[in-house]
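**Student:**
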Amino acid sequence: MKIISHRGASGYAPENTLKAFDLAVKMGSRDFEFDVHRTRDGRLVVHHDYDLSHTAGSPARIAELDYAELSRLNAAAHFAADPAFQRVPLLEEVLDMVGPAADWINLEVKNDGGVYPGIEAEVLAALGSRPGLFEKSLVSSFDHDTLRRFRELSPELKLGWLGHGLNEILLAPAVLKARAVRAESFHLALRIAFRPNVALIKKAGFAVRVYTVNSKKDALRMKEAGADGVFSNYPDIMEEEA
Ligand code: G3P
Ligand code: MG
Numbered sequence: 017m018k019i020i021s022h023r024g025a026s027g028y029a030p031e032n033t034l035k036a037f038d039l040a041v042k043m044g045s046r047d048f049e050f051d052v053h054r055t056r057d058g059r060l061v062v063h064h065d066y067d068l069s070h071t072a073g074s075p076a077r078i079a080e081l082d083y084a085e086l087s088r089l090n091a092a093a094h095f096a097a098d099p100a101f102q103r104v105p106l107l108e109e110v111l112d113m114v115g116p117a118a119d120w121i122n123l124e125v126k127n128d129g130g131v132y133p134g135i136e137a138e139v140l141a142a143l144g145s146r147p148g149l150f151e152k153s154l155v156s157s158f159d160h161d162t163l164r165r166f167r168e169l170s171p172e173l174k175l176g177w178l179g180h181g182l183n184e185i186l187l188a189p190a191v192l193k194a195r196a197v198r199a200e201s202f203h204l205a206l207r208i209a210f211r212p213n214v215a216l217i218k219k220a221g222f223a224v225r226v227y228t229v230n231s232k233k234d235a236l237r238m239k240e241a242g243a244d245g246v247f248s249n250y251p252d253i254m255e256e257e258a
């Protein structure tokens, strides 16, 4: 089972910053996940939320800021252990940092309600801009129309279905929808990642990757349940004292 660094080594450094990605690489991560947005002036950037409330204490929305403005906000301000200034990185910077180390990269495209029209083609262009990157990348999204548009644009792109608000009843229909878009990976919340659910998804032919797993106990339980990977803020989670 793979340990996928979630927003970089975000348990040890401010999430989705170059510091967190650099640390993940130095800790030996080979599998990476991060979240993609777009600024008003069209730059693809890496950050979790649609605004900077949580990270920088500013309600500014990424879609309404030019990158020059966004880059003045401290995305590390929330991280008590190390609040020294870190800007929201450009996607290209993150790809340059993790790309050479990566076996696998999961770009989670945040596009609820289609807030970033045309982002699919732009992400595909970024993936095509570096040798070998497209092949080791997988795009996921909670916005399933976004996944459908990616599939229309690219028959070959690996897709991951991000299950949202799922329960035992909604799981089987979600698996059918994931199959319809030809996703190869199904990303499941830890709270419903019980062995029968993991088995159902694997039987349907998907890899199962579980978010977010931040204790060794849960990681071992996921391994036992048959998960292919876990997204963790702690790339060294398996080395923890039990
Ligand atoms: O991609 C897995 C996980 O990151 C999805 O949830 O909210 O942490 O982006 P979130
Ligand atoms: Mg994410």
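Note that the numbering used here has the sequence shown beginning at 17, numbered continuously upward.
Yeah, the Cβ is synthetic: ideal placement off N, Cα and C, and Gly gets one too.
Is it buried or exposed for Glu80, if we count other Cβ within 10 angstroms and need 16 for buried?
**Tutor:** As a first step, residue 80 must be located in the sequence shown, where it is residue number 64. Classification of Glu80: exposed, given that the 10 Å Cβ count is below 16.
**Student:** Quick one, are the C-beta atoms of Leu89 and Arg103 less than 9 Å apart?
**Tutor:** Taking the first residue of the sequence shown as position 1, residue 89 is located at position 73. Taking the first residue of the sequence shown as position 1, residue 103 is located at position 87. The answer is yes: Cβ separation under 9 Å.
**Student:** Could you tell me the boundaries of the alpha helix (DSSP H) in which Arg165 lies?
**Tutor:** On the sequence shown, position 149 is the one that residue 165 refers to. Per DSSP, Arg165 belongs to the alpha helix (DSSP H) from 160-169.
**Student:** Whose CB is closer than 5 Å to a heavy atom of the ligand MN? List the residues in chain order.
**Tutor:** With respect to the ligand MN, the structure offers nothing, as its ligand set consists of the ligand G3P and the ligand MG.
**Student:** Cutting at 8 Å between CB atoms, please list the residues of its own chain near Glu240, excluding the five before and the five after it.
**Tutor:** One-based indexing of the sequence shown puts residue 240 at position 224. Within the same chain, Glu240 has close Cβ partners Arg211.
**Student:** Thinking C-alpha only, which one of Glu136, Phe150, Ile135 is nearest Ile121?
**Tutor:** Within the sequence shown, the letter at position 105 stands for residue 121. Comparing Cα-Cα distances from Ile121 to each of Glu136, Phe150, Ile135, the minimum goes to Phe150.
**Student:** If you draw a straight line from the C-alpha of Ser157 to the C-alpha of Lys233, how long is it?
**Tutor:** If you number the sequence shown from 1, residue 157 lands on position 141. If you number the sequence shown from 1, residue 233 lands on position 217. Each residue's alpha carbon lies about 27 Å from the other.
**Student:** Is Tyr83 helix, strand or coil by DSSP?
**Tutor:** In the sequence shown, residue 83 corresponds to position 67, counting from 1. Tyr83 falls in the helix class under three-state DSSP.
**Student:** Just to confirm, is the Cβ distance from Pro251 to Met113 under 9 Å?
**Tutor:** Indexing the sequence shown from 1 puts residue 251 at position 235. Indexing the sequence shown from 1 puts residue 113 at position 97. Cβ distance not < 9 Å, so Pro251 and Met113 don't count as in contact.
**Student:** Return the CA-CA distance between Ala84 and Gly115, expressed in angstroms with no decimal places.
**Tutor:** Along the sequence shown, one-based indexing puts residue 84 at 68. Along the sequence shown, one-based indexing puts residue 115 at 99. Rounded to whole angstroms, Ala84 to Gly115 spans 25 Å at the Cα level.
**Student:** For Val197 and Lys126, what's the separation of their Cα atoms in angstroms?
**Tutor:** Position 181 of the sequence shown, counted from the first residue, corresponds to residue 197. Position 110 of the sequence shown, counted from the first residue, corresponds to residue 126. Cα to Cα, the separation comes out at about 18 Å.
**Student:** If you reduce the DSSP assignment to three classes, tell me which class Asn127 lands in.
**Tutor:** One-based indexing of the sequence shown puts residue 127 at position 111. Three-state result, Asn127: coil.
**Student:** Put Ala235 into one of helix, strand or coil per three-state DSSP.
**Tutor:** Residue numbering aside, residue 235 sits at position 219 when the sequence shown is read from its first letter. Three-state DSSP puts Ala235 in a helix.
**Student:** Between which two residues does the beta strand (DSSP E) harbouring Lys18 extend?
**Tutor:** Taking the sequence shown and counting its residues from 1, the one referred to as residue 18 is at position 2. Element bounds for Lys18: 18-22.
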